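Colleague: As you go down the protein sequences, you meet chains A and B in turn.
At position 372 of the first sequence the residue is numbered 372 (our numbering), and the sequence of numbers has no breaks.
Plus 538 on top of the position in the second sequence (first one is 1) and you've got our numbering.
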Amino acid sequence: MLSFARSLRWVRGRHAEPTAPSVRAADRSAARPSRRTPETPHVDIAPNDPLVMYLLSAPGPVALDGLRLDSPALRDLRAAGVKLVVPLVSQGELIGTFNLGPHLSDQEYSVDDRRLLDKLAAQAAPALRVAQLVREQEAEVRARERLEQELRLAHLIQQQFLPRKVPDLPGWQVAAFYRPARQVGGDFYDFIELADGQIGLVVGDVTGHGVPAALVMATTRSAIRSEAPRLVAPGAVLARVNELLHGDMPSNMFVTCLFALLDPVRGRLRFANAGHDLPYVRRAAGVVELRATGMPLGIMADSRYAEAETILAPGEGLLLHSDGLAEAHAPDHAMFGFPRLRDEMGRHQGGQPLIDGLLEALDRFTGPGWAQEDDITLVTLTRSARSEPREIASFVVPSRAGNERVVMDRVAEAITAAGIDMPGLARIKTAVSEAAMNAIEHGNRFSEDVPVGVQVLATDDEVLVRITDSGGDRAMPEPSQPDLEAKLAGKEKPRGWGLFLIKNMVDDMNVRTDGPQRVIELVARRKGGRDGDSGRAS
Amino acid sequence: MATAGERLKVRSADGAAIIDLPSEVDATTETVLRDAYVEAAAATRTIAFNFGGVEYINSTGIAVIVGILARARAAGHVVRAFGLSDHYREIFEITRLSDFMAIFPSESSALGPR
Numbered sequence: 001m002l003s004f005a006r007s008l009r010w011v012r013g014r015h016a017e018p019t020a021p022s023v024r025a026a027d028r029s030a031a032r033p034s035r036r037t038p039e040t041p042h043v044d045i046a047p048n049d050p051l052v053m054y055l056l057s058a059p060g061p062v063a064l065d066g067l068r069l070d071s072p073a074l075r076d077l078r079a080a081g082v083k084l085v086v087p088l089v090s091q092g093e094l095i096g097t098f099n100l101g102p103h104l105s106d107q108e109y110s111v112d113d114r115r116l117l118d119k120l121a122a123q124a125a126p127a128l129r130v131a132q133l134v135r136e137q138e139a140e141v142r143a144r145e146r147l148e149q150e151l152r153l154a155h156l157i158q159q160q161f162l163p164r165k166v167p168d169l170p171g172w173q174v175a176a177f178y179r180p181a182r183q184v185g186g187d188f189y190d191f192i193e194l195a196d197g198q199i200g201l202v203v204g205d206v207t208g209h210g211v212p213a214a215l216v217m218a219t220t221r222s223a224i225r226s227e228a229p230r231l232v233a234p235g236a237v238l239a240r241v242n243e244l245l246h247g248d249m250p251s252n253m254f255v256t257c258l259f260a261l262l263d264p265v266r267g268r269l270r271f272a273n274a275g276h277d278l279p280y281v282r283r284a285a286g287v288v289e290l291r292a293t294g295m296p297l298g299i300m301a302d303s304r305y306a307e308a309e310t311i312l313a314p315g316e317g318l319l320l321h322s323d324g325l326a327e328a329h330a331p332d333h334a335m336f337g338f339p340r341l342r343d344e345m346g347r348h349q350g351g352q353p354l355i356d357g358l359l360e361a362l363d364r365f366t367g368p369g370w371a372q373e374d375d376i377t378l379v380t381l382t383r384s385a386r387s388e389p390r391e392i393a394s395f396v397v398p399s400r401a402g403n404e405r406v407v408m409d410r411v412a413e414a415i416t417a418a419g420i421d422m423p424g425l426a427r428i429k430t431a432v433s434e435a436a437m438n439a440i441e442h443g444n445r446f447s448e449d450v451p452v453g454v455q456v457l458a459t460d461d462e463v464l465v466r467i468t469d470s471g472g473d474r475a476m477p478e479p480s481q482p483d484l485e486a487k488l489a490g491k492e493k494p495r496g497w498g499l500f501l502i503k504n505m506v507d508d509m510n511v512r513t514d515g516p517q518r519v520i521e522l523v524a525r526r527k528g529g530r531d532g533d534s535g536r537a538s
Numbered sequence: 539m540a541t542a543g544e545r546l547k548v549r550s551a552d553g554a555a556i557i558d559l560p561s562e563v564d565a566t567t568e569t570v571l572r573d574a575y576v577e578a579a580a581a582t583r584t585i586a587f588n589f590g591g592v593e594y595i596n597s598t599g600i601a602v603i604v605g606i607l608a609r610a611r612a613a614g615h616v617v618r619a620f621g622l623s624d625h626y627r628e629i630f631e632i633t634r635l636s637d638f639m640a641i642f643p644s645e646s647s648a649l650g651p652r
């Protein structure tokens, strides 16, 4: 028995003496990382080593002397001075060995020694197995905790860079929805306030998941935020951001991104697309896609991005989205799909009701207990339908020089009498006077018997003044900035300021002809329009 | 209030001529404005327009002012303006008239050295 104290070493003993030749045996799988103690030489037995099969089928301890096997492990064991190997077998699996050096007495191990060792192995194997299982489980728990922590971190980064609230745009319903998948993808969206009341809309998706995707998302968002105010044009913004990302980004990652510029007053939307899912617009005639071509960000240097433009009319809505919704799968593996998304978009009112409607459709499609596969991002902007304009005044004046002032004063009176608080009344007056003068002089050519018609209408957020003359056969020139230098130098006549003034005094100016008649419509927003603070006029 | 046919009074102060404009500046007041300018320009090189009593300017009035500025420029005279309402001050900025006719808040500031 004494011999055991010196020559028997447990395979995983950390404190085996350096001089002791017998050490470490195989783990269940040599591929699993093992805890090494550098001062202790150890022997790994590969799972496919013939020694494994030999030990498994051996009836008890195996003396290595005279054993003939083409086994790397056997060579290693011999080199380590091992003489006797006792297999530790649990449930038909070799889970370790006792390796013994030479007997202290310089004799062979006796039959009794072997019997004792065999009994010991029979009791040690299950205990060792339990210890191994406990350790494996601990490692798994640690790995899971690490993963959870990474997920929390990715969530945190993601949340940090998403807008806290949607912008407050008069005349628009804006709503946004973001729900990360458990694995947190790299979805993002943003609203950027720009000069002249324009607003930048961003929606994007970074390939991959977790912290790396979240970091690339944060970088992309910051790049867009810093470049958009300077460059404004969507194509230029994406080209610049691509330049910044390309080279800095891991080669297996890229970002799809749509950048759009909305003029909320006119409903004008300019956009460029770096390979992102196409936005939808719901019009009266149905839902359409907004197309613009461009490579995802970060793939290729010098990518160019086409720009396109559309108008969102009152009542029309825009949906920006990521593929998390369209590419969701039902239990039968069917995909939600873009056509279904498009149909659903046409079915719901804009704003929050649209988002709620889309999510309900998704719930119905996937059924209960669905594990969300990817981040879902939805951003929607719907232009409020224009309230029916009500007429607050309608009259005619003869086409006589000077009557433009009559028109101007009567329009101003009508607006005031209707109780409309109009900060920009002085501007409307100037625009109305110019439009009436234009009608008297150019439309009706001072024919006193040909009247100028005036109609004043109001909606909840606009005042409209329509001035009608008989110049339906005459085109109205496009208003442009007159060349003051040429006029001062005597190269041009001093006149020609009328249309330019009108255009600058109101929020919108529309000209249309209707048979012999020509109508110029002036649109002034009641609030949130041109500066809005112009109550200081004389 | 001056109307077509009347003459505008031209005042002189501190070596400059001051023209008090009528309540309306448009094509109908072109002649009186031009006459007043010619009178003032004969006497001095600096002419200041007082817009304090002006209630209405339209595009033809702007054309009248442009015509006068063109003459002043050719003659090397300096034209200043004061007493403009915020609304017409904005219009002078939009039309860029203010680039060629310095705008002052008051008569005394318009007469001071520049």
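Just so you know, even glycine gets a beta-carbon here, dropped at the ideal spot from N, CA and C.
The model shown is predicted, which means the values in this text are computed figures rather than measured ones.
#1: Suppose contacts are defined by Cβ-Cβ distances below 7 Å. Is A:D326 in contact with A:T366 by that definition?
#2: Nearest to A:Q173 by alpha carbon, out of A:N403, A:L312, A:S470?
#3: Shortest alpha-carbon distance to A:T256 belongs to which of A:N273, A:L244, A:S384, A:R268?
#4: Find the residues of chain B that neighbour A:G490, judging by a C-beta separation of less than 7 Å, and give them in chain order.
#5: Short of 8 Å Cβ to Cβ, which residues in the stretch 404-427 of chain A face chain B?
#6: Under the rule that 16 or more other beta-carbon atoms within 10 Å means buried, what is A:V396, buried or exposed?
#7: Please confirm whether B:I600 has its beta-carbon closer than 7 Å to some beta-carbon of chain A.
#8: Could you spell out the range, first to last residue, of the beta strand (DSSP E) harbouring A:Y109?
#9: Anything in chain B within Cβ reach of A:S433, meaning under 9 Å, just list it in chain order.
#10: Please tell me whether, using a cut-off of 6 Å, the distance from the CB of A:L499 to the nearest non-hydrogen atom of the ligand FAD is below it.
#11: Strictly by DSSP, which residues pair up with B:P643?
#12: Using alpha carbons as the reference points, say which of A:G515, A:L501, A:G490 lies closest to B:I595.
#13: State the Cα-Cα distance for the pair A:D473 and A:P296, rounded to the nearest angstrom.
#14: Grab me the residues of A:S22's own chain with a C-beta within less than 6 Å of its C-beta, minus the 5 sequence neighbours each way, in chain order.
#15: How long is the line joining the alpha carbons of B:G650 and B:T584, rounded to whole angstroms?
#16: Across the stretch 603-614 of chain B and the stretch 478-488 of chain A, are there enough close Cβ pairs to call them in contact, namely three or more that are closer than 8 Å?
#17: To which residues of the same chain is B:F638 closer than 7 Å at the C-beta, ignoring the five residues directly before and after it?
#18: Measure the beta-carbon distance from A:R270 to A:A260 and round it to whole angstroms, keeping in mind my assumption that it falls under 8 Å.
#19: Do you know whose CA, among A:L94, A:I428, A:G171, lies nearest B:A625's CA?
#20: Examine chain A for any beta-carbon lying closer than 7 Å to the beta-carbon of B:G605, and answer yes or no.
#21: Under a Cβ-count criterion, where at least 16 other Cβ atoms within 10 Å of its own Cβ denotes burial, should A:P250 be classed as buried or exposed?
#22: So is A:H333 buried or exposed if we call it buried at 16+ other beta carbons inside 10 Å?
#23: Along the chain, where does the alpha helix (DSSP H) that runs through A:L245 open and close?
#24: When you compare the CB of B:A540 with every CB in chain A, is at least one pair closer than 7 Å?
#25: Taking the continuous alpha helix (DSSP H) assigned at A:F500, which residues delimit it?
#26: Alpha carbon to alpha carbon, how far is A:D113 from A:G60? Give it in angstroms, no decimals.
#27: Tell me the start and end of each unbroken alpha helix (DSSP H) in the stretch 266-352 of chain A that is at least 4 residues and wholly inside, in chain order.
#28: Just to confirm, is the Cβ distance from A:G351 to A:T382 under 7 Å?
#29: State yes or no: is the C-beta of B:F589 within less than 7 Å of the C-beta of B:L559?
#30: Would B:R627 be called buried (16 or more neighbouring beta carbons within 10 Å of its own) or exposed?
#31: From A:P87, A:L169, A:A431, pick the residue whose C-alpha is nearest to that of A:R129; which is it?
#32: Enumerate in chain order the residues of its own chain whose CB-to-CB distance from A:L278 is below 7 Å, with the five nearest sequence positions on each side excluded.
#33: Measuring alpha carbon to alpha carbon, tell me which residue in A:V203, A:M217, A:G235 is nearest A:Y280.
#34: Exposed or buried, A:P180, counting other C-beta atoms within 10 Å across all chains shown (16 or more means buried)?
#35: At a CB-CB cut-off below 7 Å, which residues of chain B make contact with A:M437?
#36: Look at the alpha carbon of A:E316 and the alpha carbon of A:A418, and state the distance between them as a whole number of angstroms.
Modeller: Answer, in terms of the structure:
#1: For the purposes of this step, residue 326 of chain A is identified with residue 326 of the first sequence, where counting begins at 1. For the purposes of this step, residue 366 of chain A is identified with residue 366 of the first sequence, where counting begins at 1. Sequence inspection shows Ala at residue 326 of chain A; the Asp mentioned does not correspond to that position. The answer is no: Cβ separation not under 7 Å.
#2: Numbered from its first residue, the first sequence carries residue 173 of chain A at position 173. Per the C-alpha coordinates, the member of A:N403, A:L312, A:S470 positioned closest to A:Q173 is A:L312.
#3: Counted from its first residue, the first sequence places residue 256 of chain A at position 256. Relative to the Cα of A:T256, the nearest Cα in the group A:N273, A:L244, A:S384, A:R268 belongs to A:N273.
#4: Your numbering for residue 490 of chain A matches position 490 in the first sequence. Within chain B, the residues near A:G490 are A608.
#5: Those would be E404, R405, A426, R427, in chain order.
#6: Here the question's residue 396 of chain A lines up with position 396 in the first sequence. Around the beta carbon of A:V396, fewer than 16 other beta carbons sit within 10 angstroms, so the residue counts as exposed.
#7: Within the second sequence, the letter at position 62 stands for residue 600 of chain B. The Cβ of B:I600 sits closer than 7 Å to at least one Cβ of chain A.
#8: Indexing the first sequence from 1 puts residue 109 of chain A at position 109. Annotation for A:Y109: no beta strand (DSSP E) segment contains it, and DSSP assigns it neither H nor E.
#9: Residue 433 of chain A sits at position 433 when you count from the first residue of the first sequence. Listed along chain B, the residues sitting closer than 9 Å to A:S433 by beta-carbon distance are Y594, N596, S597.
#10: No copy of the ligand FAD appears in this structure; indeed no ligand is present at all.
#11: Translated into the one-based positions of the second sequence, residue 643 of chain B becomes position 105. DSSP lists no partner for B:P643.
#12: The residue labelled residue 595 of chain B in the question sits at position 57 within the second sequence. For the set A:G515, A:L501, A:G490, the Cα lying nearest the Cα of B:I595 is the one of A:L501.
#13: Position 473 of the first sequence, counting from 1, holds the residue named residue 473 of chain A. Position 296 of the first sequence, counting from 1, holds the residue named residue 296 of chain A. Distance between the alpha carbons of A:D473 and A:P296 is about 50 Å.
#14: Sequence index remark: in the first sequence, residue 22 of chain A carries index 22 (1-based). Residue confidence is low: A:S22 scores 32 on pLDDT, short of 50, so the model does not pin down where it sits. No coordinate-derived value is stated.
#15: As a position in the second sequence, residue 650 of chain B is number 112, starting the count at 1. As a position in the second sequence, residue 584 of chain B is number 46, starting the count at 1. Approximately 11 Å, taken between the alpha carbons.
#16: Yes, since at least three Cβ pairs between the stretch 603-614 of chain B and the stretch 478-488 of chain A fall closer than 8 Å, the two stretches touch.
#17: Walking along the second sequence from the start, residue 638 of chain B turns up at place 100. The residues L607, in chain order, have a CB closer than 7 Å to that of B:F638 in the same chain once the five nearest residues on each side in sequence are set aside.
#18: Your numbering for residue 270 of chain A matches position 270 in the first sequence. Your numbering for residue 260 of chain A matches position 260 in the first sequence. About 7 Å; that satisfies the 8 Å criterion.
#19: The residue you call residue 625 of chain B lines up with position 87 of the second sequence. Inspection of the sequence shows that residue 625 of chain B is occupied by His rather than by Ala. For the options A:L94, A:I428, A:G171, the alpha carbon positioned closest to that of B:H625 is the one of A:I428.
#20: By 1-based counting over the second sequence, the position of residue 605 of chain B is 67. Nearest CB-CB separation between B:G605 and chain A: below the 7 Å threshold.
#21: By 1-based counting over the first sequence, the position of residue 250 of chain A is 250. A residue is called buried when at least 16 other Cβ atoms come within 10 angstroms of its Cβ; A:P250 does not meet this threshold and is exposed.
#22: As a position in the first sequence, residue 333 of chain A is number 333, starting the count at 1. So A:H333 ends up on the exposed side.
#23: The residue labelled residue 245 of chain A in the question sits at position 245 within the first sequence. Element bounds for A:L245: 234-245.
#24: Along the second sequence, one-based indexing puts residue 540 of chain B at 2. Per-residue confidence for B:A540 stands at a pLDDT of 44, beneath the threshold of 50, marking its modelled position as unreliable; the derived number appears in the next sentence. For B:A540, no CB of chain A lies under 7 Å from its own CB, so it is not counted at the interface with that chain.
#25: Numbered from its first residue, the first sequence carries residue 500 of chain A at position 500. In the DSSP assignment, A:F500 falls within the unbroken alpha helix (DSSP H) covering 498-505.
#26: The residue you call residue 60 of chain A lines up with position 60 of the first sequence. The residue you call residue 113 of chain A lines up with position 113 of the first sequence. If I take the Cα positions, the gap works out to 11 Å.
#27: Complete alpha helix (DSSP H) runs here, min 4: 323-326, 338-347.
#28: Translated into positions along the first sequence, residue 351 of chain A becomes position 351. Translated into positions along the first sequence, residue 382 of chain A becomes position 382. Closer than 7 Å, so yes.
#29: The sequence position of residue 589 of chain B within the second sequence is 51, counting from 1. The sequence position of residue 559 of chain B within the second sequence is 21, counting from 1. Less than 7 Å separates the beta-carbon of B:F589 from that of B:L559.
#30: As a position in the second sequence, residue 627 of chain B is number 89, starting the count at 1. When all chains shown are included, B:R627 counts as buried.
#31: Indexing the first sequence from 1 puts residue 129 of chain A at position 129. From the listed residues A:P87, A:L169, A:A431, the smallest Cα separation to A:R129 is found for A:P87.
#32: As a working mapping, residue 278 of chain A is identified with position 278 in the first sequence. Excluding positions up to five away in sequence, the list reads E289, L290, R291.
#33: If you number the first sequence from 1, residue 280 of chain A lands on position 280. Closest by alpha carbon: A:V203.
#34: Sequence index remark: in the first sequence, residue 180 of chain A carries index 180 (1-based). Counting C-beta atoms within 10 angstroms of its own C-beta, A:P180 has 16 or more neighbours from the protein chains shown and is therefore classed as buried.
#35: One-based indexing of the first sequence puts residue 437 of chain A at position 437. Under the 7 Å cutoff, chain B gives N596.
#36: Walking along the first sequence from the start, residue 316 of chain A turns up at place 316. Walking along the first sequence from the start, residue 418 of chain A turns up at place 418. Note on geometry: alpha-carbon atoms of A:E316 and A:A418 lie some 29 Å from one another.
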